[in-house]
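In the working numbering, the protein residues as written are 10 to 182. By construction, the Cβ of each residue, glycine as well, lies at the ideal position given by its N, Cα and C atoms. Keep in mind it's a predicted model, so treat the numbers as computed, not measured. First comes the structure, then the notes that go with it.
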């Protein structure tokens, strides 16, 4: 069975909870058990938001320090803050500017791409696409694509923008 522990980090308004739920719904559609937990303090004022996501046979939703398989960081400054959650061989997918010499880091200038797409709120899906391109997430881009289509089927314009953002992120590897 697939087993993966992820930390998704950013600030209020970046869509951390959206991509956490999207990943959880993807796991459920794949028949995998999933646990999530969110911590957000002062999120409405740009404060840090962090989600824990576990896919597989786990009994607690929180990821312990040193146990995360991957860190998805929408804000570059959050990488050093949440890096301690990673296993020594863990991976990072992050918005540009973030780097970490101790782990593999897949970065992307998601802010610039989102602006080029005319969708500045799509940074989360662009970074998620970059994470998919690493090939280390529990799901494929096709499985995530289907989850996005299910979630946004009633909003065609939003769906089109979301798929474009995900594709831009995954294609930028």
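Distance between residue 33 and residue 64, taken at the CA atoms: about 8 Å. In the three-state DSSP reduction, residue 12 falls in the coil class, being neither helix nor strand. Sixteen is the threshold: when 16 or more other Cβ atoms of the shown chains lie within 10 Å of the Cβ of residue 135, as they do, the residue is buried. Within the model, the alpha-carbon separation for residue 76 versus residue 96 is close to 5 Å. Secondary structure at residue 90: helix, using DSSP grouped into helix, strand and coil. Three or more beta-carbon pairs separated by less than 8 Å link the stretch 14-24 to the stretch 119-139, which places the two stretches in contact. The stretch 31-50 makes contact with the stretch 140-158: 3 or more CB pairs, one atom from each, lie closer than 8 Å. In this structure, DSSP gives residue 35 a helical state, which the three-state scheme calls helix.
The three-state secondary structure of residue 99, taken from DSSP, is strand. The straight-line gap separating the alpha-carbon atoms of residue 101 and residue 162 is approximately 30 Å. Measuring C-alpha to C-alpha distances from residue 131 to each of 13, 152 and 24 identifies 24 as the nearest. By the C-beta density criterion, residue 69 is exposed, having fewer than 16 other C-beta atoms within 10 angstroms. Sixteen is the threshold: when 16 or more other Cβ atoms of the shown chains lie within 10 Å of the Cβ of residue 79, as they do, the residue is buried. Under a 10 Å Cβ-count criterion, residue 171 is classified as buried, with 16 or more other Cβ atoms of the shown protein chains found around its own Cβ. With contacts defined as CB atoms closer than 8 Å, residue 126 and residue 177 qualify as a contacting pair.
Taking the CA atoms as reference points, residue 46 sits about 19 Å from residue 11. Each of 85, 173 and 61 was checked against the Cα of residue 154, and the nearest Cα belongs to 173.
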